[in-house]
Amino acid sequence: MPDVAPTTESTQVEPAGGLGTLVKAALPSIPGVNALPGVKKSPVEGFGGLALHRPPVRVEREHVAAYAAVCGFPSKDTVPFTYPHMLAFGLHMGIMTDTTFPAPAIGTVHVANSITGHRPIGVGETLSVSASVAPPSGHPKGLVYDFATQVHDADDTLVWESTSTYLRFGKGDKSASSGPDLPTADPTGQLWSLPGDLGRRYAAVSGDHNPIHLYPLTAKALGFPRQIAHGMWSLARCVAALESWLPDAARVDVAFKKPILLPGRVAFGSRPLDDAAGSYAFSLTRPKDGAPHLVGRTTAV
């Protein structure tokens, strides 16, 4: 994973969430309001990085079960591979809504994610969770911010880590990388019908109440024809479909392509890759024309 350690010290906070966080996320995108003290974002040129960590948190069975049900995982005594992101999302929002972070949260797009699970995490474990972001790097369509998350167990052993990449559209660097180069996988006959309330159901367990995921009216206000699925839900649903092939220590990389409109249908595909790591390529595509919603790869570590 890329080294994204910031130049600032890590600050302990209670994870951001709720209506107050939504308001803080939205205000920097409102003309006029975004110039007010306490709302105005700092210039990107002076941003040296930001890091937050939360008090140790116990993995609660009820929350794990609710997440597993929404994302298609079976009920087990260990958490789904993607679940620790739930423990870090509030830290991500805390960083994005901090005035020192240059980009407004609304309109900043999640374009890629890389997760490494070093061992299964048990329900009932107490974990330490931290998140950090460094100054942005170039992208053909703007700037990208890599949010690094680390999860340690009670013995201070790293058990899970991820890099979530967010794009802020603007003046781009045509020579910069556009993201990870991942293998493709054609659909294999599995069609998933996604209900219109999927975004609201996922928001209830994740805390991610971005308006683009909730209702047609709130999504249209932000430029979408109707609400769209969360990228992390689509990643989790794919991992759930491949869970029986994942080893105890694994890495999953994904690039998010086109949004998934709700309600809607998606076609899932996967195929084994010819390597020593037992890797799989996977995808979600639009059934009518094969346009990709996401492409990904699993790898043993």
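Residue numbers for the sequence shown follow UniProt numbering, so the first one is 1 and each next one is one higher.
The beta carbon of each residue, even a glycine, is placed where N, CA and C say it ideally should be.
All values reported here derive from a predicted model rather than from experimental measurement.
Other residues of its chain near residue i: CB distance less than 7 Å, five sequence neighbours each side excluded
i: Ala-5; result: With a pLDDT of only 42 at Ala-5, under 50, the local geometry of the prediction cannot be trusted, and no value is derived from it.
i: Arg-201; result: Val-70
i: Asp-153; result: Glu-125, Leu-127, Val-159
i: Leu-214; result: Gly-199, Arg-200, Ala-203, Gln-227
i: Pro-216; result: Arg-226, Gln-227
i: Thr-184; result: Ala-281, Ser-283, Val-295
i: Val-109; result: Tyr-166, Leu-167
i: Tyr-67; result: Pro-80, Tyr-83, Met-86, Val-205
i: residue 326; result: The shown model of the chain, from 1 to 301, leaves out residue 326, and the question about it has no answer.
Beta carbon of residue i nearer than 8 Å to that of residue j
i: Asp-253; j: Arg-297; result: yes
i: residue 380; j: Val-295; result: Look at the range of the chain in this structure, 1 to 301, and you will see that residue 380 is not part of it.
i: Tyr-176; j: Pro-136; result: The residue asked about is misnamed: residue 176 is Ala in this sequence, not Tyr. Not closer than 8 Å, so no.
i: Ser-206; j: Met-93; result: no
i: Ile-106; j: Ser-29; result: yes
i: Leu-194; j: Asn-113; result: no
i: Thr-126; j: Pro-225; result: no
i: Leu-27; j: Val-44; result: no
i: Pro-84; j: Val-151; result: yes
i: Val-59; j: Val-123; result: yes
i: Ile-95; j: Leu-36; result: no
i: Leu-246; j: Phe-81; result: yes
i: Gly-138; j: Gly-170; result: no
i: Ile-260; j: Ala-219; result: no
Same chain only: Cβ atoms within 6 Å of residue i, ignoring 5 sequence neighbours per side
i: Ala-88; result: Val-129, Ala-131, Thr-149
i: Asp-3; result: Only weak support is given to the placement of Asp-3: the predicted model assigns it a pLDDT of 42, under 50, and the question is left unresolved by the model.
i: Gln-190; result: Phe-268
i: Gly-196; result: Leu-262, Pro-263
i: Thr-7; result: Residue confidence for Thr-7 is low, a pLDDT of 48 falling below 50, so the modelled location carries little weight; the figure read from the coordinates is stated next. Correct list, in chain order: Gly-48, Gly-49.
i: Arg-251; result: Thr-116, Thr-299, Val-301
i: Arg-237; result: Cys-71, Gly-72
i: Pro-233; result: Residue 233 is actually Trp in this sequence, not Pro. These residues qualify, in order along the chain: Tyr-202.
Spatial neighbours of residue i in its chain, beta-carbon cut-off 8 Å, leaving aside the 5 residues before and after
i: Val-111; result: Val-144, Thr-165, Tyr-166, Leu-167, Gly-179, Ala-255, Phe-256
i: Thr-97; result: Ala-16, Thr-21, Lys-24, Ala-25, Ala-105
i: Leu-222; result: Ile-106, Gly-107, Pro-211, Ile-212
i: Leu-182; result: Asp-253, Val-254, Ala-255, Ala-281, Val-295, Gly-296, Arg-297
i: Ser-279; result: Pro-272, Leu-273, Arg-297, Thr-298, Thr-299, Ala-300
i: Pro-120; result: Thr-78, Val-79, Asp-248
i: Ala-65; result: Ser-75
i: Asp-156; result: Ser-128
i: Pro-241; result: Correcting the residue type first, residue 241 is Ala in the shown sequence and not Pro. Answer for Ala-241: Gly-72, Gln-190, Phe-268, Ser-270, Phe-282, listed in chain order.
i: residue 307; result: Here the chain has residues from 1 to 301 only, and residue 307 is not among them.
i: Asp-174; result: A small fix is needed here, since residue 174 is Lys in this sequence, not Asp. These residues qualify, in order along the chain: Pro-140.
i: Thr-188; result: Phe-268, Gly-269, Ser-270, Arg-271
Nearest-angstrom beta carbon gap, residue j and residue i [assumed within contact, 8 Å]
i: Ala-267; j: Pro-292; result: Actually they do not touch by this definition, with Cβ atoms about 10 Å apart.
i: Val-301; j: Thr-116; result: 6 Å
i: Thr-11; j: Phe-47; result: Between Phe-47 and Thr-11 the Cβ distance is about 16 Å, and since that is not below 8 Å, they are no contact.
Identity of the residues DSSP links to residue i by a beta bridge
i: Leu-284; result: Phe-268, Leu-294
i: Glu-161; result: Thr-116, Gln-150
i: Phe-224; result: Paired residues: none, contrary to the question.
i: Arg-251; result: Thr-116, Thr-299
i: Ser-193; result: Arg-265
i: Tyr-166; result: His-110, Tyr-145
Inset, instruction - Output the residue ranges of the alpha helix (DSSP H) runs that lie fully inside the stretch 6–90 and measure 4 residues or longer, sorted by chain position. - result: Here the runs fully enclosed are 18–26, 61–71.
Inset, instruction - May I have a chain-ordered list of the alpha helix (DSSP H) segments no shorter than 4 residues that lie completely inside the stretch 102–157? - result: Taking only runs of at least 4 residues, no alpha helix (DSSP H) segment lies wholly in the stretch 102–157.
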